[in-house]
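Data block below; observations after.
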Amino acid sequence: MHFELSEEQSMIRDTAAQFAESELAPLAAKFDKGEEKEAFMTNLSKLAELGFMGLNIKAEYGGTEAGVVAFSLAITELAKACASTAVTTSVTNMVAEVIQAMGTEAQRQKYLPKITSGEYAAGGFCLTEPGAGSDPASMRTTAVKDGDSYILNGSKAYITSGEYAGVFVVWAVTDKTAKRGKGISVFLVENGIPGLVVGPAEEKMGQKASATNAVYFEDCRIPADALMGEENRGLQVALGELAGGRIGIGSLALGIGQAALDYGRDYIKEREQFGQPLSNFQGLQWMLADGYTEMEAARLLLMQAACLKEEGKPFATQASMAKLFATEAANKACYTGLQLLGGNGYNREYPLERMARDVRITSIYEGTSEIQRLVISRDILG
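Residues are numbered in my numbering as their position in the sequence shown, beginning at 1, plus a constant of 23.
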């Protein structure tokens, strides 16, 4: 059992932390207000230049080959400053990993360098539908074979980076007669082609700089070679990639929660009441002690899941455990941090109310906490 990071992992963590402090933190509040959109996109390009859009992608496709642990560390550090940037980075990495794992060599050569280099600002993961969220097997988007093409019809909901993704990984029903969940395939669809329409950005509670859009397919014709993997075997791909994505979202939540506690800690060391710093009061000390202990437990769960995935071992249950615990603990940590600031925590002049809004979605997307408990309990019960 070895807990030390490698030199490369430490370097990536530190690079992400420096970038977050210098490029993201000064603008995070403006991003939240819908300002500095050009700077937000520029930062995504800078992260690609630093290798953060292909952390677990082979070098021959422009990736960093740093591994899953490094990916988790990087997302955590970015999220400490800007959750919107972190989630965009996480999902783009997930899209790249799907293509690397399931795509043909031609598909890898065509799309991965565009993602890792930043030519594509982001990648889109099109699984969720208005009537198929926690239950992706009930999706209704269809792909009908027509000669040397497929014709897509349907819609996807809550797609991260929908309006500026260069390519989408899209799931659709290709065999309506197949048993539930068995007739679904996965395709690569470029943004901007005829028949693909991206809806306006959703008005969200938090993570506002990260665009979230509906994506519509209206007789959208794509070539037959856009299919990834075997026809009618796409749902298994989705479930596997969601397990990896949960490491990313758990890491994101950890970063937000850690930042909230750090801010609250520093605040009570300076703020005085009753003639002494708030940090002298045992009740507040215990709030911090509990919060930091839970964040450390979350970190260790995430590292375990990341290590297992990196070593090619089964990791789905551990990823669900890590995502469940990290997101729930981070929500609590943000409210603890806000409480430590008292009335100031409720004021937009301070970052805690933004963090509390940003962290809330982490226990919903990439599988709700309730779905994680289903995954975990099914494994326990065999």
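Backbone N, C-alpha and C fix where the C-beta goes; we use that ideal spot for every residue, glycine too.
Just so we're clear, the structure is a prediction, and the values are computed from it rather than from any experiment.
Query raised in the report: Would DSSP call C330 helix, strand or coil?
Result: Stepping through the sequence shown from its first residue, residue 330 is reached at position 307. DSSP places C330 in helix when its eight states are reduced to three.
Query raised in the report: Can you name the residues that DSSP bridges to F240?
Result: As a working note, residue 240 is residue 217 in the sequence shown. G177, L219.
Query raised in the report: When you compare only the Cα positions, how much space is there between R377 and A201?
Result: Along the sequence shown, read from residue 1 onward, the residue named residue 377 stands at position 354. Along the sequence shown, read from residue 1 onward, the residue named residue 201 stands at position 178. Rounded to whole angstroms, R377 to A201 spans 45 Å at the Cα level.
Query raised in the report: Any idea what DSSP makes of F297, helix, strand or coil?
Result: Start at 1 with the first residue of the sequence shown, and residue 297 comes out as number 274. Three-state DSSP puts F297 in coil, outside helix and strand.
Report task. Evaluate G278 with the Cβ neighbour count: other Cβ atoms within 10 Å of its Cβ, from every protein chain shown; 16 or more gives buried, anything less gives exposed. Result -> Position 255 of the sequence shown, counted from the start, is the residue given in the question as residue 278. It counts as buried.
Report task. Scan the region 148-202 and note each continuous beta strand (DSSP E) run of 3 residues or more that stays entirely inside, going in chain order. Result -> 165-169, 172-183, 188-196
Query raised in the report: Near M228, what residues of its chain come up, given a Cβ to Cβ distance below 8 Å and the 5 sequence neighbours on each side ignored?
Result: In the sequence shown, the residue the question calls residue 228 occupies position 205. Answer for M228: R380, R383, I384, listed in chain order.
Query raised in the report: Hey, how far is the Cα of G335 from the Cα of G156?
Result: Sequence index remark: in the sequence shown, residue 335 carries index 312 (1-based). Sequence index remark: in the sequence shown, residue 156 carries index 133 (1-based). So the two alpha carbons sit approximately 28 Å from each other.
Query raised in the report: Nearest to E83 by CA position, among E128, S400, V91, A109, is which residue?
Result: Within the sequence shown, residue 83 is the residue found at index 60, counting from 1. Ranking the options by Cα distance to E83, first place goes to E128.
Requested in this report: Spell out a yes or no on whether the region 79-98 and the region 211-230 are touching, meaning 3 or more CB-CB pairs, one atom from each, closer than 8 Å.
Outcome: no
**Report entry** Proximity to L135 [Cα-Cα], best of A160, Y181, T115, P153
**Finding:** Taking the first residue of the sequence shown as 1, we reach residue 135 at position 112. Measuring from the Cα of L135, the nearest candidate turns out to be T115.
Query - S33: first and last residue of the uninterrupted alpha helix (DSSP H) it sits in - result: Counting from one through the sequence shown, the residue named residue 33 turns up at place 10. Here the alpha helix (DSSP H) through S33 covers 30-42.
Requested in this report: Kindly identify the DSSP beta-bridge partner or partners of I207.
Outcome: The residue labelled residue 207 in the question sits at position 184 within the sequence shown. According to DSSP, which records beta bridges pairwise, I207 is partnered with V196, R256.
Query raised in the report: Three or more beta-carbon pairs under 8 Å between the region 138-155 and the region 281-290, yes or no?
Result: no
Query raised in the report: Are the Cβ atoms of T112 and I122 separated by less than 8 Å?
Result: The count along the sequence shown starts at 1 and reaches residue 112 at position 89. The count along the sequence shown starts at 1 and reaches residue 122 at position 99. Going by C-beta atoms, T112 is not nearer than 8 Å to I122.
Report task. With DSSP collapsed to three states, give me the class of P136. Result -> For the purposes of this step, residue 136 is taken as the residue at position 113 of the sequence shown. Reduced to three states, the DSSP call for P136 is helix.
Query raised in the report: Measuring CB to CB, does A106 end up less than 8 Å from G185?
Result: Position 83 of the sequence shown, counted from the start, is the residue given in the question as residue 106. Position 162 of the sequence shown, counted from the start, is the residue given in the question as residue 185. No. Outside cutoff.
Query raised in the report: Do you know how far the Cα of G365 is from the Cα of F297?
Result: For the purposes of this step, residue 297 is identified with residue 274 of the sequence shown, where counting begins at 1. For the purposes of this step, residue 365 is identified with residue 342 of the sequence shown, where counting begins at 1. Rounded to the nearest angstrom, the two C-alpha atoms are 15 Å apart.
Query raised in the report: Could you give the C-beta distance for V238 and K179, rounded to a whole number, given that I count them as a contact under 8 Å?
Result: Residue 238 sits at position 215 when you count from the first residue of the sequence shown. Residue 179 sits at position 156 when you count from the first residue of the sequence shown. V238 to K179, Cβ: 4 Å. Contact.
Query raised in the report: In or out: K168 buried (at least 16 other Cβ within 10 Å) or exposed?
Result: Counted from its first residue, the sequence shown places residue 168 at position 145. The residue is exposed, with fewer than 16 neighbouring Cβ atoms inside 10 Å.
**Report entry** Through-space distance from Q305 to T391, alpha-carbon basis
**Finding:** To locate residue 391, count along the sequence shown from 1; it is residue 368. To locate residue 305, count along the sequence shown from 1; it is residue 282. Rounded to whole angstroms, T391 to Q305 spans 35 Å at the Cα level.
Report task. Let me know the secondary structure DSSP gives M251 once reduced to three states. Result -> The residue given as residue 251 occupies position 228 in the sequence shown. Reduced to three states, the DSSP call for M251 is strand.
Report task. Give the DSSP-derived three-state secondary structure of A109 in the structure shown. Result -> By 1-based counting over the sequence shown, the position of residue 109 is 86. In this structure, A109 counts as helix in the three-state DSSP scheme.
Query raised in the report: How many Å lie between G204 and M64 at the Cα?
Result: By 1-based counting over the sequence shown, the position of residue 204 is 181. By 1-based counting over the sequence shown, the position of residue 64 is 41. C-alpha separation (whole angstroms): 36 Å.
**Report entry** Local Cβ density within 10 Å of A352, reported as buried at 16 or more and exposed below that
**Finding:** Here residue 352 refers to the residue found at position 329 when the sequence shown is read from its first residue. The residue in question, A352, is buried, as its Cβ has 16 or more Cβ neighbours within 10 Å.
Query - Distance, N79 Cα to V192 Cα - result: Start at 1 with the first residue of the sequence shown, and residue 192 comes out as number 169. Start at 1 with the first residue of the sequence shown, and residue 79 comes out as number 56. About 18 Å.
Query - Nearest neighbour of I387, chosen from L275, T359, A312 [CA to CA] - result: Here the question's residue 387 lines up with position 364 in the sequence shown. The option with the nearest alpha carbon to I387 is L275.
Query raised in the report: Exposed or buried, W309, counting other C-beta atoms within 10 Å across all chains shown (16 or more means buried)?
Result: The residue labelled residue 309 in the question sits at position 286 within the sequence shown. W309 comes out exposed.
Report task. In the DSSP assignment, find the alpha helix (DSSP H) that holds I394 and state where it starts and stops. Result -> Reading the sequence shown from its first residue, position 371 is the one you call residue 394. Start and end: 392-403.
**Report entry** Chain-order list of residues whose beta-carbon lies under 8 Å from that of S68 (same chain, five-residue window excluded)
**Finding:** Residue 68 sits at position 45 when you count from the first residue of the sequence shown. G141, A144, listed in sequence order.
Query raised in the report: DSSP three-state call for E17: helix, strand or coil?
Result: An answer regarding residue 17 cannot be provided, because it is not within the stretch 24 to 405 covered by the chain.
Requested in this report: Rank A188, T350, A40 by C-alpha distance to the C-alpha of L325 and give the top, closest one.
Outcome: Stepping through the sequence shown from its first residue, residue 325 is reached at position 302. Checked all of A188, T350, A40; the closest Cα to L325 is T350.
Query raised in the report: How would you label L301, buried or exposed, when you count the other beta carbons within 10 angstroms and need 16 or more for buried?
Result: Against the sequence shown, residue 301 aligns to sequence position 278. Buried, because 16 or more other Cβ atoms sit within 10 Å of the Cβ of L301.
Requested in this report: For A144, name the three-state secondary structure that DSSP assigns.
Outcome: As a first step, residue 144 must be located in the sequence shown, where it is residue number 121. Correct three-state label for A144: coil.
Report task. Provide the residue span of the alpha helix (DSSP H) that contains N354, from first to last. Result -> Position 331 of the sequence shown holds residue 354. Taken as a continuous stretch (DSSP letters only), the alpha helix (DSSP H) holding N354 covers 339-363.
Requested in this report: Please determine, among D248, V110, E254, V260, the residue with the shortest C-alpha to C-alpha distance to K199.
Outcome: Along the sequence shown, read from residue 1 onward, the residue named residue 199 stands at position 176. Ranking D248, V110, E254, V260 by Cα distance to K199 puts E254 first.
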